[in-house]
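Asks:
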Amino acid sequence: MEKQHWEDFPVGRVDDFGNRLVTEEEIIEFATEFDPQPFHIDKEAAAEHFFGGIIASGWHTGSMLMRMLVDEMLINSTSMGSPGVDELRWKAPVRPGEILSVRSEVISATVHKYKSDRGFTKFSYVVSNEKGKVKLTMTSTILFLKKAVGGSQ
Amino acid sequence: MTTEYFEDIQIGAVREFGSKIVSKKEIIEFATKFDPQSFHIDEVEAADSIYGGIIASGWHTASMTMRMMVDHMVSSRAGLGSPGWNNLRWYKPVRPGDTLRVRSEVINKKRSVSRPTMGTIFGTIQVFNQDAEMVMSFESLGMVLAKTTDE
């Protein structure tokens, strides 16, 4: 399959993908390493907390979004990485047993100012669970190579 | 440790903390799970990429930063979680053997109008490597419990 280039992501392109089961084991494993707050790692403490049970670290949810993006869009593209994320919001706690999926929409596409062989694409992402409840929203940019002009690149 | 409430947190307050050595094993392990692009997991392909060697996933750098924040800052605050953050930037690649540290500054604070028993702390989080190069920054938002309902 041919790699997706900058031109393949026009403004308005929408993709729905991902089917990520969140397990309690994984929530605790991630948070033990990166975000060891009681409501992420301790079942008893989490039950008494206002979240009412273990919830995933927000950085874990962001990382799971990243994995779905890599599998669906980036692994077979000319992505050169990302300069950053403009905005991320955690809308609702992510709990064990939920299944996450992504809706991605291209909101802007601009050619690199100095390097005309590449361009920036800004995406808006919405992560929801299996019932359509929104869990996370994010706006971020990816740098893609453009298609070679005249095939001589 | 004294717990910091909304009233205790001063605009302009700076904290510097953390000393996280980044190993190649951890970089590959994290990226294998969450960001399996070749320049994060495959040493041969990474050497040929624009990065010239394996680099950490940006989400890994952010997660390592969170760990330093939890160990040194979050746990001392009467925190109520965070709604998210803004303008995260990755400036330089993080490579195996780098040592990361964090600089946190309080930029602003606002008491909640609808729930005056809490407020939001606006911060800037900057992450540096051992050569004092900034590798990442973002604008943090944190909700913190207040001691009283007025200033």
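Read top to bottom, the protein sequences are chains A and B. The numbering of the first sequence is the working numbering, which starts it at 315 and goes up by one. The numbering of the second sequence is the working numbering, which starts it at 68 and goes up by one. Every residue gets a Cβ at the ideal spot worked out from N, C-alpha and C, and that includes glycine. Remember, predicted model here, so these are calculated numbers, not experimental data.
Using DSSP with H/G/I as helix, E/B as strand and the rest coil, what is I122/B?
Replies: In the structure shown, I122/B sits in coil (DSSP, three-state: anything other than H, G, I, E or B).
Asks: For the 8 Å Cβ check, are there 3 or more pairs between the stretch 349–367 of chain A and the stretch 392–399 of chain A?
Replies: Touching, no, given that fewer than three Cβ pairs across the two stretches are closer than 8 Å.
Asks: Using only alpha-carbon positions, find the residue among A406/A, I341/A, T424/A and I456/A that is nearest to V440/A.
Replies: The residue with the shortest Cα to Cα distance from V440/A is A406/A.
Asks: Kindly indicate the opening and closing residues of the beta strand (DSSP E) around K176/B.
Replies: Start and end: T166 to R178.
Asks: Since S149/B meets chain A, which of its residues come closer than 8 Å, beta carbon to beta carbon?
Replies: Neighbours of S149/B on chain A, chain order: G372 and W404.
Asks: With distances taken from CA atoms, which of T453/A, I413/A and D330/A is nearest K447/A?
Replies: Measuring from the Cα of K447/A, the nearest candidate turns out to be I413/A.
Asks: Would DSSP call V161/B helix, strand or coil?
Replies: Correct three-state label for V161/B: coil.
Asks: Determine the direct distance from the alpha carbon of F344/A to that of E71/B, and round the result to whole angstroms.
Replies: Straight-line Cα distance between these residues: approximately 27 Å.
Asks: In angstroms with no decimal places, state the Cα-to-Cα distance between D224/B and F84/B.
Replies: The question about residue 224/B has no answer, for chain B in this structure spans 68 to 218.
Asks: Got a sec: which bits of the stretch 404–438 of chain A sit with their beta carbon under 8 Å from any beta carbon on chain B, in order along the chain?
Replies: For the stretch 404–438 of chain A, which is checked against every Cβ of chain B, the residues closer than 8 Å are W404.
Asks: Kindly indicate which three-state DSSP category V111/B falls into: helix, strand or coil?
Replies: In the structure shown, V111/B sits in a helix (DSSP, three-state: H, G or I).
Asks: For a test of the three-state rule: what should DSSP assign to D138/B, helix, strand or coil?
Replies: It is helical.
Asks: Compare the Cα-Cα distances from E339/A to each of H354/A, M380/A, V325/A and L450/A and report the closest residue.
Replies: E339/A has its Cα closest to that of H354/A, out of H354/A, M380/A, V325/A and L450/A.
Asks: Taking only beta-carbon positions, decide if F97/B is within less than 9 Å of chain A.
Replies: Interface residue, yes.
Asks: List the residues of chain B whose Cβ lies closer than 8 Å to the Cβ of R381/A, in chain order.
Replies: What R381/A touches in chain B: K100, F101, D102 and P103.
Asks: Measure the Cβ-Cβ separation of D109/B and M380/A and say whether it is below 9 Å.
Replies: No, the Cβ-Cβ distance between D109/B and M380/A is not below 9 Å.
Asks: Can you tell me the Cα-Cα spacing of A80/B and H374/A, whole angstroms?
Replies: Rounded to whole angstroms, A80/B to H374/A spans 28 Å at the Cα level.
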